[in-house]
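Residue numbers (our numbering): 120 to 493. Cβ atoms here follow ideal geometry from the backbone N, Cα and C, with glycine treated the same way. If you're wondering where the values come from, they're calculated on a predicted model, not measured in any experiment.
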C-alpha cells in the first residue's frame, strides 16, 4: 500500500522517526509469542495472552517519545523505556511508564513503577490519550495530554542509560498509535565550514567541497571518512541528489580506507530509483544495506532533501528514511574484520561515497552518538 508520511517537514528535518507504520508490526518483536499483538484500524492492539512486551528491534538512549494509547476499563498496560528484552525487576531492568486505572502501590498512569509516582491520581482507560516522554541521561519528564505529570531524576544504582521501547500487554485490551521518537544527545560530525574531523581516503577521484553549510560531492569514485570510529551507534544525516537516480551511500563500521581498499564497510544505500512503484527499488533503494537487504520502500525523491537515520547495535541494523523504517536486518554471517565478507561488530569509520563520475550529491546535518554499553 502507498505510504503517507505523517511527519511534517520540520519533524523530518529535526530527526523524528515513526516507530509504527500504521499497518504492520515491521520493526517490532514480541517477547511472549502467545500475546495476540496485531494491527487494527491503524493501531497496535493486544487483548489476549499472558503478560508480555512488544519491543523495538533496536535500543535507544536519550530521546523524546510520543504516542497515543487507549486502555480497556480496569485494564493494565504500560510503555517500557530503556528496557531489556525480558525485564524481571522494574527498578533495575527498565523504566515502566504505567497505564492503569488502579495500582496497589499507587503507581498510577504516568508513574514509573518502582521508581516514581505522579502527584495526582490519573486513570488510564477511556478515550485515546496522548503521552510524551523526554528521557535525557538520568532525568525523565512525562507529559499526559500536554500536561507535565512527572519529573524524575534517577540517582540509583538501577539507572539504565539505554534500552528498547516496549509496549506491554498485561490485563485487558490496549491499543497504541502514532508512536514517534526523536533521538537526543547527538553530536555534530560536520561543523558546516570545513572538513575538520574528516579524511579523504587516498586514491579518491571525488571532490569534496564545503558549500553553504553542506558537503558537496562530485565525481568519483571516492570516499570521505570520519576520523573517529563508531561501533553501536545512532547516525543521522540529510542528503540531496542533484540528478535522477544517482548512486551514493553511507559506509559504516568501515575499515580504514586505503587506495587499494577504500570502502570495506557496510553500506546504507542512497539510490531513489524504482520500477513501477516505490515498493520495487531498481538498485536496492535508499536505506538498503547494499548487497544484504533491500529497502522495503523507496521514500525520497531526487533533487529534494531527505534525512536518513541509521541504528547499528550488535548484529542488528535498522534504517529510516524521512522517518519511515525501510530496513530491519540482522547480520547472521560468520564474523569477519571486513563487513563485505562477514559480520563485523567492531567499531569502524563512517564514510560518504562518491560513486562514479556522475556523482552530484550534497550532505548536511551529519550527527551521531554511541549507544551506551549497558
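Closer than 6 Å by C-beta to residue i: which residues in its own chain qualify, once you throw out the five before and the five after it? Chain order, please.
i, result
"residue 299", "135, 137 and 185"
"residue 202", "213, 282, 283 and 285"
"residue 251", "185 and 262"
"residue 289", "170, 195 and 196"
"residue 187", "247, 249, 296 and 297"
"residue 409", "386, 388 and 403"
"residue 353", "302, 430 and 488"
"residue 206", "212 and 213"
Keeping to the same chain, check which residues put their C-beta closer than 8 Å to that of residue i; ignore five residues upstream and five downstream.
i, result
"residue 241", "227, 228, 229, 263 and 268"
"residue 517", "Only positions 120 to 493 of the chain appear in this structure, which leaves residue 517 out of reach."
"residue 406", "387, 388, 414, 418, 427, 438, 439, 440, 445 and 446"
"residue 316", "308, 309, 310, 345, 346 and 347"
"residue 434", "449, 450, 451, 462 and 464"
"residue 255", "181, 303 and 304"
"residue 161", "141, 142 and 296"
"residue 126", "135, 137, 299, 441 and 442"
"residue 393", "399, 400, 401, 404 and 417"
"residue 377", "320, 321 and 322"
"residue 411", "385, 448 and 450"
Quick one: measure Cβ to Cβ for residue i and residue j, integer angstroms, because I've assumed they're closer than 8 Å.
i, j, result
"residue 365", "residue 477", "6 Å"
"residue 474", "residue 363", "That belief does not hold up - the Cβ atoms of residue 474 and residue 363 are roughly 14 Å apart, past 8 Å."
"residue 200", "residue 216", "6 Å"
"residue 325", "residue 381", "That pair is no contact at about 10 Å."
"residue 172", "residue 287", "6 Å"
"residue 131", "residue 442", "6 Å"
"residue 235", "residue 271", "4 Å"
"residue 209", "residue 233", "4 Å"
Can you name, in chain order, every residue of its own chain whose Cβ lies under 7 Å from the Cβ of residue i, other than the five neighbours on each side?
i, result
"residue 329", "312, 313 and 314"
"residue 335", "328 and 481"
"residue 491", "180, 280 and 281"
"residue 175", "138, 146, 147, 283 and 284"
"residue 257", "272, 273, 274 and 278"
Under 8 Å: does the beta carbon of residue i sit that close to some heavy atom of the ligand MG?
i, result
"residue 312", "The ligand MG is not part of this structure, which contains no ligands at all."
I'd like to confirm the pairing. Which residues does DSSP put opposite residue i in its beta bridges?
i, result
"residue 186", "250"
"residue 488", "353"
"residue 446", "438"
"residue 358", "425 and 482"
"residue 255", "258"
"residue 317", "345"
"residue 454", "462"
"residue 431", "352 and 436"
"residue 476", "DSSP lists no partner for residue 476."
"residue 370", "386 and 470"
"residue 504", "Examination of residue 504 is not possible in this model, given that the chain is present from 120 through 493 alone."
Please decide whether residue i counts as near chain B, where near means a Cβ-Cβ distance under 9 Å.
i, result
"residue 451", "No chain B is present in this structure, which holds just one protein chain."
Fully enclosed by the segment 372-424, which beta strand (DSSP E) runs are 3 residues long or longer?
Runs of the beta strand (DSSP E) inside the segment 372-424: 385-389.
Decide yes or no for the touch test of the segment 176-185 against the segment 149-161: beta carbon pairs closer than 8 Å, at least 3 of them.
As far as the Cβ criterion goes, the segment 176-185 does not touch the segment 149-161, which means the pair count is below three.
Segment contact flag, the segment 455-473 with the segment 369-384, C-beta cutoff 8 Å, min 3 pairs
With the cut-off at 8 Å, the segment 455-473 and the segment 369-384 touch.
Does the segment 345-353 come close enough to the segment 402-421 that 3 or more CB-CB pairs lie under 8 Å?
No: fewer than three Cβ pairs fall under 8 Å.
Residue ranges of each beta strand (DSSP E) within the segment 155-239, 3 or longer:
For the segment 155-239, whole beta strand (DSSP E) runs of length 3 or above, ordered along the chain, are 157-159, 162-165, 171-175, 182-190, 195-202 and 214-219.
Would you mind listing the alpha helix (DSSP H) stretches within the segment 260-294 that are 4+ residues and don't spill past its ends, in chain order?
Fully enclosed alpha helix (DSSP H) runs of no fewer than 4 residues are not present anywhere in the segment 260-294.
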